[in-house]
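2 protein chains.
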Amino acid sequence: MRKIIECVPNFSEGREESTLMALARAIESVPNVTLLGREADIDHHRSVFTMAGEPEAVLEAAIRVVGEAAARIDLTRHRGEHLRLGAADVLPFVPVRGVSLTECVELAWRAGEAIWQRFGVPVYFYEAAAKSPDRVRLEDVRRGQFEGLLQELKAGSGRVPDIGAGQLHPTAGAVIVGARKFLIAYNINLATDRLEIAKAIAKKIRTSSGGLPHVKAMGMMLHSRGLAQVSMNLTDFEQTPVHEVFAAVEREAAAYGVSVAGSELIGFIPRHAVEMGFRAALKFEQFTSGSVLENALDAKLES
Amino acid sequence: MRKIIECVPNFSEGREESTLMALARAIESVPNVTLLGREADIDHHRSVFTMAGEPEAVLEAAIRVVGEAAARIDLTRHRGEHLRLGAADVLPFVPVRGVSLTECVELAWRAGEAIWQRFGVPVYFYEAAAKSPDRVRLEDVRRGQFEGLLQELKAGSGRVPDIGAGQLHPTAGAVIVGARKFLIAYNINLATDRLEIAKAIAKKIRTSSGGLPHVKAMGMMLHSRGLAQVSMNLTDFEQTPVHEVFAAVEREAAAYGVSVAGSELIGFIPRHAVEMGFRAALKFEQFTSGSVLENALDAKLES
Numbered sequence: 353m354r355k356i357i358e359c360v361p362n363f364s365e366g367r368e369e370s371t372l373m374a375l376a377r378a379i380e381s382v383p384n385v386t387l388l389g390r391e392a393d394i395d396h397h398r399s400v401f402t403m404a405g406e407p408e409a410v411l412e413a414a415i416r417v418v419g420e421a422a423a424r425i426d427l428t429r430h431r432g433e434h435l436r437l438g439a440a441d442v443l444p445f446v447p448v449r450g451v452s453l454t455e456c457v458e459l460a461w462r463a464g465e466a467i468w469q470r471f472g473v474p475v476y477f478y479e480a481a482a483k484s485p486d487r488v489r490l491e492d493v494r495r496g497q498f499e500g501l502l503q504e505l506k507a508g509s510g511r512v513p514d515i516g517a518g519q520l521h522p523t524a525g526a527v528i529v530g531a532r533k534f535l536i537a538y539n540i541n542l543a544t545d546r547l548e549i550a551k552a553i554a555k556k557i558r559t560s561s562g563g564l565p566h567v568k569a570m571g572m573m574l575h576s577r578g579l580a581q582v583s584m585n586l587t588d589f590e591q592t593p594v595h596e597v598f599a600a601v602e603r604e605a606a607a608y609g610v611s612v613a614g615s616e617l618i619g620f621i622p623r624h625a626v627e628m629g630f631r632a633a634l635k636f637e638q639f640t641s642g643s644v645l646e647n648a649l650d651a652k653l654e655s
Numbered sequence: 353m354r355k356i357i358e359c360v361p362n363f364s365e366g367r368e369e370s371t372l373m374a375l376a377r378a379i380e381s382v383p384n385v386t387l388l389g390r391e392a393d394i395d396h397h398r399s400v401f402t403m404a405g406e407p408e409a410v411l412e413a414a415i416r417v418v419g420e421a422a423a424r425i426d427l428t429r430h431r432g433e434h435l436r437l438g439a440a441d442v443l444p445f446v447p448v449r450g451v452s453l454t455e456c457v458e459l460a461w462r463a464g465e466a467i468w469q470r471f472g473v474p475v476y477f478y479e480a481a482a483k484s485p486d487r488v489r490l491e492d493v494r495r496g497q498f499e500g501l502l503q504e505l506k507a508g509s510g511r512v513p514d515i516g517a518g519q520l521h522p523t524a525g526a527v528i529v530g531a532r533k534f535l536i537a538y539n540i541n542l543a544t545d546r547l548e549i550a551k552a553i554a555k556k557i558r559t560s561s562g563g564l565p566h567v568k569a570m571g572m573m574l575h576s577r578g579l580a581q582v583s584m585n586l587t588d589f590e591q592t593p594v595h596e597v598f599a600a601v602e603r604e605a606a607a608y609g610v611s612v613a614g615s616e617l618i619g620f621i622p623r624h625a626v627e628m629g630f631r632a633a634l635k636f637e638q639f640t641s642g643s644v645l646e647n648a649l650d651a652k653l654e655s
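Protein sequence lines correspond, in order, to chains A and B. Residue numbering for the first sequence follows the numbering used here, beginning at 353 and increasing consecutively. Residue numbering for the second sequence follows the numbering used here, beginning at 353 and increasing consecutively.
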């Protein structure tokens, strides 16, 4: 099976099309890497690129695009609503198929070394790639942002980058490089306009209040349609599958006499999550990836 | 999107391993064709091979394997329980991805011409590739089998092959070549040992008694597990999706106070059927093939 990883760099640029184009070109300059998506937000002055492909190719594309961002984005002139520490701000490596999280941690560390060597941009590691427990959470690493941390480090703070010379880059700051599991952004629309029901369900199912593991959830209002929505991030679909989250929300909604109007994905879902859901919905006793004709064909062709 | 078809030749040989190996080699002699499965039945003295790949490659492999079968299998010495007209008995071309049934009909016709030209084996066309309405059904074409039809044609019957010189091949008979939609062999096990319930449900849902379109179903007993089973062939999963069949059986079973113990596939399921089922189970408002990360990646790489 061909190995596939995803990489989702976030940049402190959401307005200048020529810069966004240059970042896209840097990614696409590497063969066997596919740029799957690009979203830019003017108010946040920030963009998110989604690329995928074979691990070594994605690694090289990730390094190149960080270099491009460092050359083009000057944080001393950047004002946006979104917190940021670097021109290339966050760089997570994500396993998709045939790759472990541990392998993505190794890729993150290699990316960090190369970014410092090639471009002189210092690096912090976060999430699964963190080198110390106090750097696991992105918000802890980014605290104070570019301007604050720049001053703090000059004043001798111990919050020095994991790779670098103890300071931030004067215009590109630092890149926060990491590895994490695939994130599925998944929303369920309720057939009601009562926001409090969506909020109650979100509270009931989310990890932080003792609900399902690996689920972040909040209730919000879809004003355009007059529907309340449970908006979620599923941070480990193999431990807490999408279809189990759907079933939990449907069950909780039923307790309020409310049905599910529909659900939606923001972005992509890995094939394995689809197959897991199909298997469960139809109560298959035996169902593997190889039960799907195209998968069996791909497996034979790749072997 | 890469085009994929399946071809499922049936041969009048289920016992001699050297012959089965030769048939497999004939298929595998064509690049870009994958032999996905091979099943042989000693009592039926018959085997079924499943191959898939790009249309032109599968066409060539199908022609070659028919030639190999005609050279090795002598119907005048063949006695088995299964009805048969040819050494290579049935040769259906099946669309899997990016290919229409009409394209598979064209392939079937081209295969028929080549089989006659290269090997002197006459050809009947059936199902979607039939040249006349009385040859659509396989059982109509095969009526009388090899021995009966051989006599009938010598006596001047009008049941002459669609391609050929008006007679059967003396040892290889004729090949029945066709095109049909993908067949999903799908069984649902009921949490009961009451066979009459499985039979009643099968009767309720199958097309022939006014149930769901494109469903063949019968009730049978899984003696090893003491469970009654609804055993089905779904002959057009895009018109009658697997998940709708599951829901129908589950609903009918519930009316008898019986639950579904589990379900199983015999053979493969196309990816599209899996995605359709997932979409329905989670009530997705928008869900396309491109929502799946690997599909989006494949589409970009192939474009």
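Heads up, the beta-carbon is just placed ideally off N, CA and C, and yes, glycines get one too.
Along the beta strand (DSSP E) that carries A/E507, what are the first and last residues, could you check? The count along the first sequence starts at 1 and reaches residue 507 of chain A at position 155. Note on residue identity: the sequence assigns Ala, not Glu, to residue 507 of chain A. A/A507 -> no beta strand (DSSP E), and no H or E assigned at all.
Which residues, taken in chain order from the stretch 588-618 of chain B, show a beta carbon closer than 8 Å to some beta carbon of chain C? The chain labelled as chain C is not found among the protein chains of the depicted structure, namely A and B.
If you drop the 5 nearest sequence neighbours on each side, which residues of the same chain put their C-beta closer than 8 Å to that of B/T559? In the second sequence, counting from the first residue as 1, residue 559 of chain B sits at position 207. Cβ neighbours of B/T559 beyond the five flanking positions: P565, H566, V567 and K568.
Just grab the DSSP bridge partners of A/T402 for me. Counted from its first residue, the first sequence places residue 402 of chain A at position 50. Beta-bridge analysis with DSSP links A/T402 to A/G389.
Got a sec? Which residues, its chain only, sit under 8 Å from A/E627 by beta carbon, not counting five neighbours each side? Within the first sequence, residue 627 of chain A is the residue found at index 275, counting from 1. Excluding sequence neighbours, A/E627 sits near F639, S641 and V644.
Going by DSSP, what residue range makes up the beta strand (DSSP E) through B/V567? The count along the second sequence starts at 1 and reaches residue 567 of chain B at position 215. From DSSP, the beta strand (DSSP E) with B/V567 extends over V567 to L574.
Tell me, please, whether the CB atom of B/Q503 is closer than 9 Å to any CB atom in chain A? Working through the second sequence from its first residue, we reach residue 503 of chain B at position 151. No, because no Cβ of chain A sits closer than 9 Å to the Cβ of B/Q503.
Going along the stretch 436-454 of chain B in order, which residues come within less than 9 Å of chain A, judged by CB to CB distance? V448 and R449
At least one CB of chain B closer than 9 Å to the CB of A/F401: is that the case? Translated into positions along the first sequence, residue 401 of chain A becomes position 49. Judged by the 9 Å Cβ criterion, A/F401 is not in contact with chain B.
Using C-beta distances below 8 Å, list every residue in its chain close to A/K506, excluding the 5 sequence neighbours before and after it, in chain order. The residue you call residue 506 of chain A lines up with position 154 of the first sequence. Here the set comprises Q519.
Taking the alpha carbon of B/F363 as the point to measure from, which residue in B/P444, B/E406 and B/K355 has its own alpha carbon closest? Here residue 363 of chain B is taken as the residue at index 11 of the second sequence, counted from 1. Taking only the C-alpha atoms, the option nearest B/F363 is B/P444.
For B/V626, go through chain A and note every residue whose CB falls closer than 8 Å to its CB, in chain order. Translated into the one-based positions of the second sequence, residue 626 of chain B becomes position 274. Chain A residues near B/V626: V626, E627, F630 and V644.
Find out if the Cβ-Cβ distance for the pair A/V601, A/I536 is shorter than 9 Å. Stepping through the first sequence from its first residue, residue 601 of chain A is reached at position 249. Stepping through the first sequence from its first residue, residue 536 of chain A is reached at position 184. Contact flag unset, no.
Looking only at its chain, what residues have a beta carbon closer than 6 Å to the beta carbon of A/H521, apart from the 5 residues adjacent to it on each side? As a position in the first sequence, residue 521 of chain A is number 169, starting the count at 1. If we look at A/H521 and ignore the five residues flanking it on each side, its Cβ neighbours are V473.
Give the range of the beta strand (DSSP E) segment to which A/S615 is assigned. Taking the first sequence and counting its residues from 1, the one referred to as residue 615 of chain A is at position 263. It spans V612 to I618 - the beta strand (DSSP E) in which A/S615 sits, taken as one unbroken run.
Please state the DSSP three-state secondary structure of A/G472. Here the question's residue 472 of chain A lines up with position 120 in the first sequence. Coil at A/G472, not helix or strand.
Would you please verify whether the beta carbon of B/R623 is less than 9 Å from any beta carbon of chain A? As a position in the second sequence, residue 623 of chain B is number 271, starting the count at 1. Yes, its Cβ sits closer than 9 Å to a Cβ of chain A.
In this structure, does DSSP put B/N384 in helix, strand or coil? Position 32 of the second sequence holds residue 384 of chain B. Looking at B/N384 - three-state DSSP - the assignment turns out to be coil, as it is neither helix nor strand.
Since A/A580 is in the alpha helix (DSSP H), which residue starts that stretch and which ends it? In the first sequence, residue 580 of chain A corresponds to position 228, counting from 1. Looking at the DSSP string, A/A580 is not in any alpha helix (DSSP H); the run it does join, the beta strand (DSSP E), is L579 to L586.
Show which residues of chain A have a CB atom less than 9 Å away from the CB atom of B/T544. Counted from its first residue, the second sequence places residue 544 of chain B at position 192. Those do not exist, as B/T544 stays about 15 Å from chain A at its closest Cβ, beyond 9 Å.
Could you tell me the boundaries of the alpha helix (DSSP H) in which A/G629 lies? Within the first sequence, residue 629 of chain A is the residue found at index 277, counting from 1. Element bounds for A/G629: R623 to A633.
Interface residues of chain A facing B/K635 [CB-CB closer than 7 Å]: Mapped onto the second sequence, residue 635 of chain B falls at position 283. Per Cβ cutoff of 7 Å: V612, G614 and S615.
Terminal residues of the beta strand (DSSP E) in which B/V448 lies: Mapped onto the second sequence, residue 448 of chain B falls at position 96. Where B/V448 is concerned, the enclosing beta strand (DSSP E) starts and stops at A440 to R449.
First and last residue of the beta strand (DSSP E) that includes A/E542? The sequence position of residue 542 of chain A within the first sequence is 190, counting from 1. First, the amino acid is wrong: residue 542 of chain A is Leu here, not Glu. Looking at the DSSP string, the run of the beta strand (DSSP E) that includes A/L542 is I536 to L542.
Name, please, each residue of chain B whose Cβ falls closer than 8 Å to the Cβ of A/E358. Looking up residue 358 of chain A in the first sequence gives position 6. Residues of chain B passing the Cβ test: L645.
First through last residue of the alpha helix (DSSP H) which encompasses B/A605: For the purposes of this step, residue 605 of chain B is taken as residue 253 along the second sequence, with counting starting at 1. Its alpha helix (DSSP H) spans residues V594 to A607.
Cα-Cα separation between B/E596 and B/R487, rounded to whole angstroms: Counting from 1 along the second sequence, the entry for residue 596 of chain B is found at position 244. Counting from 1 along the second sequence, the entry for residue 487 of chain B is found at position 135. Looking at the two C-alpha atoms, the distance is approximately 31 Å.
Contact belief for A/V446 with A/P407 at Cβ below 8 Å, rounded distance in angstroms: The count along the first sequence starts at 1 and reaches residue 446 of chain A at position 94. The count along the first sequence starts at 1 and reaches residue 407 of chain A at position 55. So it is not a contact: roughly 11 Å between Cβ atoms.
In the DSSP assignment, what residue or residues form a beta bridge with B/F639? Within the second sequence, residue 639 of chain B is the residue found at index 287, counting from 1. Paired residue(s): none; B/F639 is not in a bridge.
Just to make sure I have the definition right: I need the residues of chain B whose C-beta is within less than 8 Å of the C-beta of A/L579. Which are they? For this step, residue 579 of chain A is matched to residue 227 along the first sequence. Ordered by position in chain B, no residue passes the 8 Å Cβ test against A/L579, which lies about 11 Å from the chain.
Considering only C-alpha positions, which residue in the set A/R603, A/E654, A/A607 and A/N647 is nearest to B/L634? Here residue 634 of chain B refers to the residue found at position 282 of the second sequence. Nearest option by C-alpha distance: A/R603.
So, do the stretch 418-428 of chain B and the stretch 355-370 of chain B have three or more beta carbon pairs nearer to each other than 8 Å? Look at the beta carbons and you see the stretch 418-428 of chain B touching the stretch 355-370 of chain B: at least three pairs across the two are nearer than 8 Å.
May I have the straight-line CA-CA distance separating A/G609 from B/V610, to the nearest angstrom? The count along the first sequence starts at 1 and reaches residue 609 of chain A at position 257. The count along the second sequence starts at 1 and reaches residue 610 of chain B at position 258. Their backbone Cα atoms lie some 26 Å apart in a straight line.
Can you name the residues of chain A whose CB is closer than 7 Å to the CB of B/Q638? The sequence position of residue 638 of chain B within the second sequence is 286, counting from 1. Correct list: E616.
Can you find the residues in the same chain that come closer than 6 Å, C-beta to C-beta, to A/L574, ignoring five residues on each side of it along the sequence? Counting from one through the first sequence, the residue named residue 574 of chain A turns up at place 222. Taken in chain order, the residues that qualify are Q581.
Residues of chain A with a CB under 7 Å from the CB of B/L564: which are they? Stepping through the second sequence from its first residue, residue 564 of chain B is reached at position 212. Per Cβ cutoff of 7 Å: no residues; B/L564 is ~15 Å from chain A at best.
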